[in-house]
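Report on the structure given below.
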Amino acid sequence: MTAEAPTRNLDFIREIVEEDLRSGKYKSVVTRFPPEPNGYLHIGHAKSICLNFGIANEYGGHCNLRFDDTNPTKEEAEYAEAIKRDVNWLGFSWGDHLYHASDYFEQLYLWAEDLIRDGKAYVDSLTAEEIREHRGSLTEPGRESPYRNRTADENLDLFRRMRAGEFPDGAHVLRAKIDMQSPNINMRDPVLYRIRHEDHHRTGDRWDIYPMYDYAHPLSDAIERITHSICTLEFEAHRPLYDWLIENVRVPATPHQYEFARLNINYTVMSKRKLLRLVEDHYVSGWDDPRMPTIAGLRRRGCTPAAIRNFAERVGVAKRENVIDVDLLEFCVREDLNRVAPRVMGVLRPLPVVIENYPEGQREEFETPNNPEDATAGTRKVPFSRVLYIERDDFMEEPPKKFFRLAPGREVRLRSAYFITCTGVVKDEGGNIVELRATYDPATRGGDAPDGRRPKATLHWVSAQGAIDCEVRLYDRLFNVEDPESGGDFLTHLNPQSLEIVPAAKLEPGIRGASPLDRFQFERLGYFTVDLDSTPEKLVFNRTVTLKDTWAKVKGESK
RNA sequence: UGGGGAGUCGCCAAGUGGUAAGGCACCGGUCUUUGGAGCCGGCAUUCGGUGGUUCGAAUCCACCCUCCCCAGCCA
Numbered sequence: 007m008t009a010e011a012p013t014r015n016l017d018f019i020r021e022i023v024e025e026d027l028r029s030g031k032y033k034s035v036v037t038r039f040p041p042e043p044n045g046y047l048h049i050g051h052a053k054s055i056c057l058n059f060g061i062a063n064e065y066g067g068h069c070n071l072r073f074d075d076t077n078p079t080k081e082e083a084e085y086a087e088a089i090k091r092d093v094n095w096l097g098f099s100w101g102d103h104l105y106h107a108s109d110y111f112e113q114l115y116l117w118a119e120d121l122i123r124d125g126k127a128y129v130d131s132l133t134a135e136e137i138r139e140h141r142g143s144l145t146e147p148g149r150e151s152p153y154r155n156r157t158a159d160e161n162l163d164l165f166r167r168m169r170a171g172e173f174p175d176g177a178h179v180l181r182a183k184i185d186m187q188s189p190n191i192n193m194r195d196p197v198l199y200r201i202r203h204e205d206h207h208r209t210g211d212r213w214d215i216y217p218m219y220d221y222a223h224p225l226s227d228a229i230e231r232i233t234h235s236i237c238t239l240e241f242e243a244h245r246p247l248y249d250w251l252i253e254n255v256r257v258p259a260t261p262h263q264y265e266f267a268r269l270n271i272n273y274t275v276m277s278k279r280k281l282l283r284l285v286e287d288h289y290v291s292g293w294d295d296p297r298m299p300t301i302a303g304l305r306r307r308g309c310t311p312a313a314i315r316n317f318a319e320r321v322g323v324a325k326r327e328n329v330i331d332v333d334l335l336e337f338c339v340r341e342d343l344n345r346v347a348p349r350v351m352g353v354l355r356p357l358p359v360v361i362e363n364y365p366e367g368q369r370e371e372f373e374t375p376n377n378p379e380d381a382t383a384g385t386r387k388v389p390f391s392r393v394l395y396i397e398r399d400d401f402m403e404e405p406p407k408k409f410f411r412l413a414p415g416r417e418v419r420l421r422s423a424y425f426i427t428c429t430g431v432v433k434d435e436g437g438n439i440v441e442l443r444a445t446y447d448p449a450t451r452g453g454d455a456p457d458g459r460r461p462k463a464t465l466h467w468v469s470a471q472g473a474i475d476c477e478v479r480l481y482d483r484l485f486n487v488e489d490p491e492s493g494g495d496f497l498t499h500l501n502p503q504s505l506e507i508v509p510a511a512k513l514e515p516g517i518r519g520a521s522p523l524d525r526f527q528f529e530r531l532g533y534f535t536v537d538l539d540s541t542p543e544k545l546v547f548n549r550t551v552t553l554k555d556t557w558a559k560v561k562g563e564s565k
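Every position in the first sequence, counted from 1, becomes a number in our numbering once 6 is added.
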């Protein structure tokens, strides 16, 4: 027996967590996922959720869900509800650790007064424009505001009157008194509070001043005794300010901020601003449009939470900018669905086939496995009759070299049924194929030939009698370029073929009764899920992802 | 041209001085009542570049190059 020393490949954040736990710096770990309720969560957030909740779970700590609701002009309760639903759906739970930055407004305000009394904050009465001018630039230092040296009493008085609503929006702001010469622009007396005469979705009209993210975030982390405050790279330059506040405010704990690279995926966009644009201007049907990279969209598309979690794990956590191949996401989705999705036969573009030697009016049923990958999934019966539908793509009158499917004179297997041989092609006046004639071999019942012959192809099929008409929505990537953000307006890269509606696909009768979000594999085609628009009278399916298709690839290459 | 980060296979990503893990993609083969899945194999003499230190460097030092972030009273 060799006891392998399992060298786990920890990401750099987990390494830090383990070291902090090992050294005793922290007794247990507390993380937080801090969304702003101003839009829906997307798969980039899923990476952060898996990281934060994942670490909490792995190291026996907990992860808070905290709404970063410091800006009343952009936030809505509806978004908060959607966010909670999505985090839960992904499989994580915050227990009773649900918080809001707005819950801390009073404490945050009191601390701001402390800062003023300590001479570390002041009320500035410059206009926004003037503040910008005084800030300097990347290469020039800033200049101090003429209001920078007001007395603590004067500042306190003004700040209290700001709170009391005595001034209009923009009249004053509270600023930290740090260093206008700092090479780090974020340290040039950052704004801590601004006046906003606007109702907040949780605090109503109680406040006329609202804290900025840079002020509220570190202090909220301290209040919640967060140990590891994990955020994305763009906040790296804000860390000195984060640390400044933790040092200069009498907070009950000393959290630390760590930054990792956000997730990007090709052929889509991930910024909330752009996703909002797609929704508001109706380029998609909503935040949960199955083409959207939102959690809600992926759910409606048919992705499983497990697939998304596996994806987040394979993607890794590091500090280098990255763009993940959407192929990896699709792989994770197929991998999970292959295990769990019951199989069913459905024909998207029906081509009738009449089995000439099969008695008119005769019917029989075949037993077929629900999931060859899962012996416990059992079997079901599918009806067979004289007229069948097969996929139009499964027949070619003049088949090229590598086309193994049905063609005149060729024999193929109908999955779980019989071998059939194409004996004729019926066309309309326009020369379009409207029907196939064929004969079946009664000896191949069930799909095996006693003489051992093996057709090169097995086709899916549906008996015309009893077939159920369904709408099927075929999705493709939303954008037709890898990086929609580069090269002008991202909207110009929208894929006009991202949605194709198949109005009347033929499904085997067993599909009746399927409910929204049920997932299936339509054999040889892909994974499909019942859409929210579906009704018992008219089933609607979304294609989650296709199955890999070697023939499609060969065909594509020869083009 | 200030400050903060990052550069290892097409895309991710391990590696922390001892002679380049793994995944996706791709390419072969095998198997197959899904051209699916599975299984087997291939896929970086080289780590942004150039010098240097060392018996030995992706790992240490120096210089250079490229990319990303910061000038919201957004987060």
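Glycine residues also receive a C-beta, built at the ideal position from the N, C-alpha and C atoms.
Best match in the options for proximity to residue i [C-alpha to C-alpha]
i, options, result
"Val551", "Arg340, Pro448, Ser226 and His178", "Arg340"
"Leu132", "His178, Arg208 and Glu25", "His178"
"Thr556", "Arg411, Tyr248 and Leu96", "Arg411"
"Arg268", "Asp295, Leu281 and Arg326", "Arg326"
"Asp489", "Ser54, Asp331 and Ser564", "Asp331"
"Cys237", "Glu563, Ala52 and Leu284", "Ala52"
"Ala558", "Asp399, Asp482, Arg518 and Ala510", "Asp399"
"Ser226", "Leu27, Ala107, Asn376 and Pro375", "Ala107"
"Val36", "Thr233, Arg169 and Arg202", "Thr233"
"Lys554", "Leu531, Phe547 and Leu538", "Leu531"
"Thr300", "Ile271, Val323, Trp100 and Arg320", "Ile271"
"Leu523", "Pro311, Asn328, Ile507 and Ser391", "Pro311"
"Ala228", "Asp175, Asp163, Gly148 and Tyr110", "Tyr110"
Rounded distance between the beta-carbons of residue j and residue i, thought under 8 angstroms
i, j, result
"Ile474", "Leu420", "The Cβ separation is near 18 angstroms, so there is no contact."
"Tyr105", "Asn63", "About 19 angstroms separates the two Cβ atoms, so there is no contact after all."
"Met193", "Leu247", "6 angstroms"
Start and end residues, beta strand (DSSP E) containing residue i
i, result
"Asn190", "No beta strand (DSSP E) contains Asn190, which DSSP labels as neither H nor E."
"Val285", "No beta strand (DSSP E) contains Val285, which is instead part of the alpha helix (DSSP H) from Lys278 to Glu286."
"Gly533", "The question names Gly, but residue 533 is Tyr in the sequence shown. That run of the beta strand (DSSP E) goes Gly532 to Val536."
"Thr556", "Here Thr556 belongs to no beta strand (DSSP E); instead the alpha helix (DSSP H) covers Thr556 to Ser564."
"Ser235", "His234 to Thr238"
"Asn548", "Val546 to Thr552"
"Asp130", "Ala127 to Asp130"
"Tyr199", "Val197 to Ile201"
C-alpha gap between residue i and residue j, whole angstroms
i, j, result
"Arg72", "Leu500", "34 angstroms"
"Asp127", "Arg167", "According to the sequence provided, residue 127 is Ala. The question's Asp does not apply to it. Approximately 16 angstroms, taken between the alpha carbons."
"Asp2", "Ala463", "Not covered by the structure: residue 2. The range shown for the chain is 7 to 565."
"Gly97", "Phe59", "10 angstroms"
"Glu514", "Gly352", "6 angstroms"
"Arg181", "Thr145", "22 angstroms"
"Thr429", "Gly415", "6 angstroms"
"Tyr199", "Arg306", "40 angstroms"
"Glu242", "Ile215", "27 angstroms"
"Ala449", "Thr427", "13 angstroms"
"Leu185", "Val285", "Note that residue 185 corresponds to Asp in the displayed sequence, not to Leu. Taking the straight line joining both Cα atoms gives about 42 angstroms."
"Asp120", "Glu24", "35 angstroms"
"Pro356", "Tyr395", "5 angstroms"
"Pro461", "Lys407", "16 angstroms"
"Lys561", "Leu465", "18 angstroms"
"His206", "Pro375", "56 angstroms"
"Glu84", "Asp26", "38 angstroms"
"Ile2", "Gln187", "Only positions 7 to 565 of the chain appear in the structure, and residue 2 is not among them; the question remains open."
"Ala313", "Asp342", "6 angstroms"
"Gly472", "Arg451", "20 angstroms"
"Pro12", "Ala318", "Any answer about Pro12 is weak, because its pLDDT of 46 lies below 50 and its placement is not dependable; what the coordinates show is given next. Their backbone Cα atoms lie some 22 angstroms apart in a straight line."
"Met276", "Glu81", "19 angstroms"
"Gln368", "Phe547", "31 angstroms"
"Tyr264", "Leu239", "9 angstroms"
"Glu506", "Trp213", "49 angstroms"
"Glu371", "Pro389", "4 angstroms"
"Leu282", "Thr385", "45 angstroms"
"Arg320", "Asp17", "11 angstroms"
Range of the contiguous alpha helix (DSSP H) that encloses residue i
i, result
"Asp159", "Ala158 to Arg169"
"Arg3", "Nothing about residue 3 can be reported from this structure: the residues present for the chain run from 7 to 565 only."
"Ile517", "Premise fails: Ile517 is in no alpha helix (DSSP H) and is neither H nor E."
"Val321", "Pro311 to Val321"
"Ile137", "Ala134 to His140"
"Arg123", "Phe111 to Arg123"
Entirely within the stretch 436-498 and at least 3 residues each: give me those beta strand (DSSP E) ranges in chain order.
439-446, 467-469 and 474-481
Hey, which unbroken runs of the beta strand (DSSP E) at 3 residues or more fall wholly within the stretch 25-77?
36-39 and 68-73
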